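**Q** Count along the sequence shown from 1, then add 150; that gives the number in the numbering used here.
Okay, handing you the structure first.
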Amino acid sequence: MSTIFHKNISANQKISYRHDVKDKKNVCVKVIELLKKSRSAGRQSKEAAPEETNQCVFVDFVRVAGVILRPGGMPNEIGVDQVVFQRRIQQQLQKSPRYPGIIQEFITALESYMENTDRFRNCLLPCVPQSSNGDSSLLRMLLGIEMLQVRFSAMTSKRKLTSDGGVSIPRIIINQLKWLDRVVDAKDLASKLMELVSVAPVEVQRDIITSLPEILEDSQHNDTARELNSLLQEKTQLTVPILDALSSLNLASSLLTEVRGAVMATLAAVQLEDLPVVVKFILHSVSASDAYEVRVLKSASAAAAGSSQDSISLILDCIKSAVRFQKTISEAWLKVMDLLVLLILHSTNANQSRRGAERVLKVKVRNGLIQEALLQRTFRDYAQVMRGYFPSTLALAQSLVRSPDPCMVPFGGHMYRHAFTAFDSYCHQEVVGSLVTHVCSGVGGEVDVALELLCGLVNEKPSEMAMYAVFVKGILDYMDNLTPQQIRRLFHLLSRLAFGQKQGSHIQDDMHIVIRKQLSSTVPKYKRIGIIGAVMIVGSMGAFSIFFSSLKSVTDLHLCLFFPLQVTALLELVKSSSESSPEAAALYYDELANLILSSALDPQVQVYEDQGGIAINLMPLLAKDIQNKGEQRVSSLCLSPFFRLLRLCVEKRHQGDLEEIDGLLGCPLILTNMDVVEKVESLSKAEREFLCTLLFHTINWFREVVNAFCTQKDTDMKMRVLTRLQNITYLQTLLERALAGTPGYVPPIANFDGDGTDGIVPNSTVPVIKIKKGDSQAEEATEKEKEIRPGVSLASYRPFFRELDMEVLSVLQCGLLSRSLLDSELHTKVREEVLLGPAELVLLLEDMLRKLEFSLTAAPAKRAPFLKSVGFSHLQQRSSKDIASYCVQLMPALCSHLENCHNHFQIMLSENNGVVDGPATDVEEHQLMSSAYQLLLQVLNTTFRQKSLLKKALGVFAGRLKEGGAELTLEQLFDLFFHLSLRRPDLFIFLVLASLARRFLNQDWVTASGEKERGTKFNEALHTLLSIYLDHVDDILKAVEEIAAEGIPELLNASKDESSASWPTLSRQTFLVFYKVLMAELEKAAQSEKLLTWNLAVRDFHILVNLVKVFDSRPVLNVCLKYGRLFLESFLKLGMPLLDYSFKRHKEDVQSLLKTFQLSTRQLHHMCGHSKMHQDTSLTNHVPALKKSLELFVYRVKAMLTLNNCQEAFWLGNLKNRNLKGEEILSQRSQEDDDDEEEEEEEEEQQQQPERSPPPQEQSEDEVIAISSKR
């Protein structure tokens, strides 16, 4: 500190002062010296009292001014207001004859008075009674007098003060400096304060630093902040007071950025208890442009994991406050993916923050950036913190579970599960209540996930879930909206609660009442619920019977003996209730089969089920049904379900060995002569339906046989399984022909344990092509197609086939199988070989693709209510993870089949000189191999789309590489990456794609029967190919003109079935596809600011719009109106500003462009009139917006001419309403004056003559107006 403040100034020393600001020294130098003296341990105050003469001036002046000085520990008294006191002191000093020397005498007297410690403390403490202006002490009131401020340094230069009686004297002295009305030399004060900070004890340093914002003026904030910034990097123990002070200082933006950077650099060394203040400062000081710097806080928060939960809560509270009150922070945190911060954002009251938090969370979950592992770690390590945001956690979980995106639903379920596991009983109740609400909503995806979660919680936390069994039991009132699979899960859940806990007897009674009520119902739907519920109860009781038998208590042994009796009685009840209905009996068998497959039953129960060995007599029963077509016919419904039940019982008891029933694999079926299928049209309706029913039952029997024996290892059984697959494919071809001749036929129910198929009437015929009356050629073509068509597709009949188990796909791994047939002397007579053929391969691949799409990619919320779930009831017993793992095991077999298909077509190309469908091609085999090739690619694509499968699947591919090839490939890949980094191959790839797409477009596409391809799928493929071609061609406008001006005119004089010579895929049937793509791509290509581009685009647009005169069907007009308006809007937005700028320099080009475009707009106007005349709603919906754009175009052209001083060249006339052919619409002539349908359109003649040219005569739409313009 400067030596000037260490000088001892005697009482008699005379100093001349001028009464202006220039002579005033430091505002509070004396007070600073007081702080210096507080550093020492303190010494006893002087016993000798100061001389009376030294104190007389001070005491008299103060008494006259209104303050009475009290001795000892009594506070001083003030009788006047603070301002009055200060004015009286100043007047006494100024009116004194010894002025200005009296000032030094007054200071010396004050110093002498405060030599006593008690008096000094009284001068620092508030006077009584307190004034209205606050708790002002005597010293503070004297500091308010400017002429005395600079003299306080000498007064305390020789004193050493410390805390007294628990009162912090330094802190009281600092408080005197706060919020002074007048500070004379603020710069010097700031300098002295910072010097004092550098040498004072830590406690005093904290007091001074936190008081700086209240002491300093704004002009000193930046300098002080720089010194505090340096001090922060040296002394981390002062982090909290320094940041508190910096938060209150008014700093320049550049300095604030510098300080914030320094603070963020010290985050690693900050103590956890100081971190909330650091977070608060960073968030409050960050700007919108620098908000992304808060990413660093993630690492700091992560480093503090496992420490004090209270400190973490304080940190989050700081972030919450910043998010709530600072929009920039909220927006920046939305970009930083941290789960805790998302909960904070969601917990704020702002709807935008809630929606933003949900949106970001969904995006990150969909992209796999936030996974279940992170969620689990968050709940485990920060359970106390997460508990404070439980409402937000619950709301986010609800939102995710209700999402139609299948990626979101599992994550929402994880949030529910972890919230239940980590939180208290209140949260348990809220979680269970929310899950029950999801179940009762009836939405398929929500119900599935909620039931699965409830089942999982019952397994993990049975005692906790037992407390909320009453909530779960309420779902029984909403079973009407549940599917059979969901009803299974519900009864499994309730059974676990009822029989797994000893206090669940009341739930048992309620469940038995519901089951008996449903079984006694005559409505099939409710009887089905009763059967499913009863079997699930049987499964739970049987499982718990085994569990209790392992315990030793008397009660548990009693339950062990009691459960089998209850199970037997319940099964007898179900059996008696379903005897009258074959459908109910078949469902009963299927449910028992599923129970045996998925559960562990008591051996007594298994013996009870195994008493039905009559299933071995299946064939005589089937033959009897064929002969007697009366009341016994429907009994064949039970054949396949009963065999499945029998097979699973045998498989369960013999650990997978089916030797006892292996005769059923090859036993013959007594059927009718299948030659009757060729003349099915000659049969009666009853005979045709009976034939179809027989084929359905036979195919379903074979499918169950394949399900049963597909896992057997014996070669002979494998060959018989392949034979049965061949039988299935053969019978399916016969069934297609039979169904084609039996319209309106409803097949027998096959999947009783799945969603109901009642009321489903499959479409047994190919959709009929709509033709106009009098169109004889189309009628002849349709009749010809009917003659050639061999049958119908079985895709719509899939619900009526028995489901193939997942294990059937293991047949894909079978190669060439062979066996030796022996004669009577046990010599090899002949060697039989069986191979998986193309038809069987297609059958298995179709089934595999459907299973993958259903379990891995299909969104539950988007599925049809029941139809799409039929045939997947066995698959639903498995988890998606198990299905995915099984598919990876089949990957080598799929790769082998893919290579075989590839080799097949390579051989075919070499044999047919590069033609795939040459004359020597077997059409049926070619079609099957093509289908297999496509299905293999689809299966692999579906598999690779699953991130959980990608690594394993790629590992299988890598394992098929040749040994030693990987090392070479690695070196070559680095070379390839290096060269690719030097250039962009996009243009080359685009040209190759365009060339390839054009080759496909220039090829005739025919079916296996030689007919030209047509239909919805062909049109979709054509749309995609044409879009790819136009998107990647080097000059899209030229390509559009080539098709519109060359390809389409070739159709004008061609017959209906002929195609364009230059574009074979372009015909009258596919014109709409071409026209739609051309209009859409032209509108996208016109997004330019070049005059040449707009010239070409307007010319192409004119060609396309004029095509509606010839191709005037409603879909074509719809496309033209829609994309015509879009093109016009693009022209107004981008083209007209370009014409404004280019008119003077390229007047001729602009005039030509506008005249060409005017012809197109006139045709659009005629289309509007045509739409109104025909009152076609699909067309008139486009008219208002299009007319608005046409009017805007008129005024926009006028504005362009006015801008270029050519407004004389503009004139406006009435355009008559005409139809598409240019004929005037007479019905509207009388309304021309007052009907809004009249369109005002300009004939924009851009001429530069000063005189206005007369309007030309009305012209037809085919005439092009050409008026010369002179400059």
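Here a beta-carbon is modelled for each residue, glycine too, at the ideal position from N, C-alpha and C.
Note that this is a predicted model, so its numbers are computed, not measured.
Pick out whichever of Gly229, Tyr880, Glu1231 has its Cα sitting closest to the Cα of Asp825.
**A** Out of Gly229, Tyr880, Glu1231, Tyr880 has the C-alpha closest to the C-alpha of Asp825.
**Q** Determine the extent of the alpha helix (DSSP H) in which Gln882 is found, giving its start and end residues.
**A** 865–890
**Q** Along the alpha helix (DSSP H) that carries Pro1239, what are the first and last residues, could you check?
**A** Note that residue 1239 is Glu in the sequence shown here, rather than Pro. Premise fails: Glu1239 is in no alpha helix (DSSP H) and is neither H nor E.
**Q** Please say whether Pro426 and Asp467 have beta carbons closer to each other than 9 Å?
**A** yes
**Q** From Met487 to Ile520, what distance separates their C-alpha atoms?
**A** For Met487, the predicted structure reports a pLDDT of 43, less than 50, and the residue's modelled location is therefore unreliable. A value from the coordinates is still provided. Roughly 8 Å between the two C-alpha positions.
**Q** Counting only the same chain and skipping the five closest in sequence on each side, list residues whose C-beta sits under 6 Å from that of Met867.
**A** Phe859
**Q** Rounded to whole angstroms, what's the CA-CA distance from Ser690 to Leu1099? Just pull it up for me.
**A** 34 Å
**Q** Smallest Cα separation from Val1333: which of Glu1163, Leu1175, Arg1275?
**A** Answer by Cα proximity: Arg1275.
**Q** Quick check on DSSP: helix, strand or coil for Ile899?
**A** coil
**Q** Taking C-alpha atoms, which residue in Leu1254, Leu343, Lys1097 lies nearest to Glu150?
**A** No information on residue 150 is available, as it lies outside the stretch 151 to 1421 that the chain covers here.
**Q** Can you tell me whether DSSP reads Lys512 as helix, strand or coil?
**A** helix
**Q** Can at least three beta-carbon pairs, one atom from the stretch 893–903 and one from the stretch 987–1002, be found at a separation below 8 Å?
**A** Fewer than three Cβ pairs drawn from the stretch 893–903 and the stretch 987–1002 lie within less than 8 Å of each other, which leaves the two stretches out of contact.
**Q** Going straight from the alpha carbon of Val278 to that of Arg332, what length do you get?
**A** Rounded to whole angstroms, Val278 to Arg332 spans 24 Å at the Cα level.
**Q** As a quick exercise: from Thr848, Thr258, Leu330, Ile392, pick the residue whose alpha carbon is nearest that of Arg290.
**A** Leu330
**Q** Could you tell me the distance, in whole angstroms, from the CA atom of Cys590 to the CA atom of His564?
**A** 20 Å
**Q** Judging by CA-CA distance, which residue of Thr1327, Cys1356, Leu944 is the nearest neighbour of Asp1290?
**A** Cys1356
**Q** With DSSP collapsed to three states, give me the class of Pro247.
**A** coil
**Q** Can you tell me where the alpha helix (DSSP H) holding Trp851 begins and where it ends?
**A** 835–859
**Q** For Ala1144, which residues of its own chain have a beta-carbon under 7 Å away from its beta-carbon, when the five flanking residues on both sides are left out?
**A** Tyr1179, His1182, Val1183
**Q** How about Phe1168 and Met1229: are their beta carbons less than 9 Å apart?
**A** no
**Q** Shortest alpha-carbon distance to His1315 belongs to which of Asp574, Thr1330, Asn1354?
**A** Thr1330
**Q** On the DSSP bridge assignment, give the partners of Pro276 in chain order.
**A** Pro276 is bridged to Ser287.
**Q** Starting from Val1260, trace the alpha helix (DSSP H) both ways and give me its first and last residue.
**A** That residue, Val1260, is in no alpha helix (DSSP H); it is neither H nor E in DSSP.
**Q** Here's the rule I'm using: 16 or more other beta-carbon atoms within 10 Å means buried, otherwise exposed. How should Glu645 be labelled?
**A** The sequence shown places Ser at residue 645, rather than the Glu named in the question. Its Cβ being crowded by 16 or more others within 10 Å, Ser645 is buried.
**Q** If I measure Cβ to Cβ from Gly411 and keep anything under 6 Å in the same chain, skipping five residues before and after, which residues do I get?
**A** none
**Q** When DSSP labels each residue in this structure, what does Glu1373 get in the three-state scheme?
**A** Three-state DSSP puts Glu1373 in coil, outside helix and strand.
**Q** Give me, in chain order, the residues of the same chain whose beta-carbon lies closer than 7 Å to that of Ala402; leave out the 5 immediate sequence neighbours on both sides.
**A** Asn372
**Q** Considering only their Cβ atoms, is the gap separating Asp955 from His847 smaller than 9 Å?
**A** Contact annotation: His847 and Asp955 have beta-carbon atoms that are not nearer than 9 Å.
**Q** Can you list, in chain order, the residues of its chain with a C-beta nearer than 7 Å to that of Ser195? Leave out the 5 residues immediately preceding and following it.
**A** Low confidence applies to Ser195: its pLDDT is 40, below 50, so where it sits in the model is not reliable, and the reading given next is rough at best. Counting only Cβ-Cβ distances below 7 Å, and skipping sequence neighbours, we find Glu265, Asn266, Thr267.
**Q** Are the CB atoms of Ser726 and Ile681 within a distance shorter than 9 Å?
**A** no
**Q** Helix, strand or coil for Glu801 per DSSP?
**A** helix
**Q** I'd like to know whether the C-beta atoms of Thr1306 and Val1248 end up nearer to each other than 9 Å.
**A** yes
**Q** When the Cβ atoms of the stretch 580–598 are set against those of the stretch 532–539, are three or more pairs found closer than 8 Å?
**A** Contact between the stretch 580–598 and the stretch 532–539 is absent, because fewer than three Cβ pairs lie under 8 Å.
**Q** To the nearest angstrom, report how far apart Gly222 and Leu292 are at their CA atoms.
**A** Roughly 21 Å between the two C-alpha positions.
**Q** Given that a residue counts as buried once 16 or more other Cβ atoms are within 10 Å of its Cβ, and exposed if not, what is Ile663?
**A** exposed
**Q** Note down the Cα distance separating Leu742 from Tyr1273, rounded to an integer number of angstroms.
**A** Taking the straight line joining both Cα atoms gives about 60 Å.
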